[in-house]
Every structure is written in C-alpha cells, then in structure tokens.
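In the working numbering, the protein residues as written are 492 to 712.
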Amino acid sequence: MACLKQEKETNIKIFIDIYDMFPMVTRVMDYGQQTVRVARYIGQSFMITLSHANRLPVTIQYPYEKLITSERFRGRIHFEFDKCIACEVCVRVCPMDLPVVDWELETNIRKKRLLNYSIDFGICIFCGNCVEYCPTNCLSMTEEYELSTYDRHELNYNQIALGRLPIILQRFESLDCWGWGYFADLYNSFLSINGYYFRYVMVRDYLDYQIKSDYRAGFDK
C-alpha cells in the first residue's frame, strides 16, 4: 500500500510539472510568433525604402532649387498700361472688387484717359477673371509667385509695378567660362542701374541646369 501511494504521488507530481510547463511553452511560442511578425514588418519597411533608392528625388531644396511652373500657372498679374481703355470690366468681374482704376474723361475726344491702375495682391485670390474678360488683353498671368514682404502695403502694386515682367534666363554651356558668381553679379549691376531689386535662384532639373532670375517689381531696394 505504501508503494502504491508513493507511486501515485509521483505521478501526480509529474502531471503537475507538465501542467505548469505548458504555459511557459505557450509564452515561448507567442514570443516567437511576435518576433517573426516584427521581423516581417521590418523587412517590408526596408523593401519599401530600397525600392525608392533608385528613384529620382522629389523634394525641392527651396530657395536654392525651384520648381518650373506650368504653362497655365496663375502668378502675379502683368498689366500693359497702353492697352487699357479704362472700361472697368476687370472691376466688375472681380469677386473681391479689387482693381482700382483711376481715370478722367477727355471731353474733346469723348474718351477715358487712364491715370492710375493698381491691384492689391494681399487680397487678390488669383482667380483670373480679370485676365479672361479683359477686352483688350492688357492683363495676363505671369509665373512669379514670390510676393512675400514684411509690410502688407507693399503688396499693393501700381501700374508701374504691374508692368514689369520677371526675367527668365536660360543657362547654356557656353556660359560656363564666366562662372556663376560673375554671371549673377553682371546682371545685378545691370539691373541696379534702374534701382530694381534683383533676385536669382538656381533651378536644377534632373537632366539640365537652368537659372530662373526674377526681380521684385514695383519697389526699389
């Protein structure tokens, strides 16, 4: 009887040990599954990273690099004073009632004579209605979009400021002998004669290099 009782206690102890061992095995299996899952996610992330390694860069290092705008880009409005007939169509179609047209009537010829024309780009939404409905095509959209200033009043462009176009220069291989610094200083000196504020920035394309130079129109620096 004593032997049977001892054998029974031994079997119970072994059973308890096996029962206690199963949770540990389960935890080990769960840990292994989690490790495999994490390794798979890390591998997928590395595969995505490596797939982008052979692609061309997307980010533009502004202001040292600059995107080339599209053909129908709505930038700063250009105004041709000689074409304007002071009909004020641009004022009527503008959702902001923005253009200020100052004119006087010449009684001898019974026609309006334009005196001043201004647009406040701090309010303009660049919808292009004034350009579309102008009967004489004296208004047009340019590619200039760098209009930020420290004073909001400087965003109110008069007819002189609106009449200036941004300068776009194409870099050719024959200009390599001049060097970038001399080339920029040359145009800086040329434009400083008229008091224009000249700003140039290099545009790097994937296949070629270009310089897109522009000057802040309307305000002498």
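Even for Gly, the Cβ is constructed at its ideal location relative to N, Cα and C. Note that the structure is a prediction, hence the values are computed from the model and not measured.
Need the endpoints of the beta strand (DSSP E) that residue i sits in, please.
i, result
"residue 608", "602–611"
"residue 568", "568–570"
"residue 561", "Taken as a continuous stretch (DSSP letters only), residue 561 belongs to no beta strand (DSSP E), as it is neither H nor E."
"residue 639", "Note, residue 639: premise wrong, no beta strand (DSSP E); not H, not E."
Using only CA atoms, which one of the options lies nearest to residue i?
i, options, result
"residue 606", "620, 519 and 576", "576"
"residue 594", "579, 523 and 546", "579"
"residue 621", "586, 644 and 643", "586"
"residue 583", "572, 546, 623 and 566", "623"
Within a Cβ cutoff of 8 angstroms, which residues of the same chain sit near residue i, ignoring the five residues on either side of it in sequence?
i, result
"residue 626", "576, 578 and 580"
"residue 643", "613"
"residue 615", "568, 587 and 589"
Taking the beta carbon of residue i as the centre, do at least 16 other beta carbons fall within 10 Å, making it buried, or is it exposed?
i, result
"residue 537", "exposed"
"residue 610", "buried"
"residue 608", "buried"
"residue 589", "buried"
"residue 436", "Nothing can be reported for residue 436: it is not among the residues displayed for the chain, which extend from 492 to 712."
"residue 525", "exposed"
"residue 558", "exposed"
"residue 598", "exposed"
"residue 568", "buried"
"residue 554", "exposed"
"residue 535", "exposed"
"residue 530", "exposed"
"residue 653", "buried"
Does DSSP put residue i in a helix, a strand or coil?
i, result
"residue 538", "helix"
"residue 551", "coil"
"residue 556", "coil"
"residue 596", "strand"
"residue 620", "helix"
"residue 630", "strand"
"residue 578", "coil"
Which same chain residues, not among the five before or five after residue i, have their C-beta less than 7 angstroms away from its C-beta?
i, result
"residue 596", "603"
"residue 646", "611, 612, 613, 638 and 640"
Along the alpha helix (DSSP H) that carries residue i, what are the first and last residues, could you check?
i, result
"residue 646", "Residue 646 -> no alpha helix (DSSP H), and no H or E assigned at all."
In chain order, what residues of the same chain have a beta carbon less than 6 angstroms from the beta carbon of residue i, not counting five sequence neighbours either side?
i, result
"residue 628", "none"
"residue 634", "560, 564 and 566"
"residue 571", "629"
"residue 619", "565"
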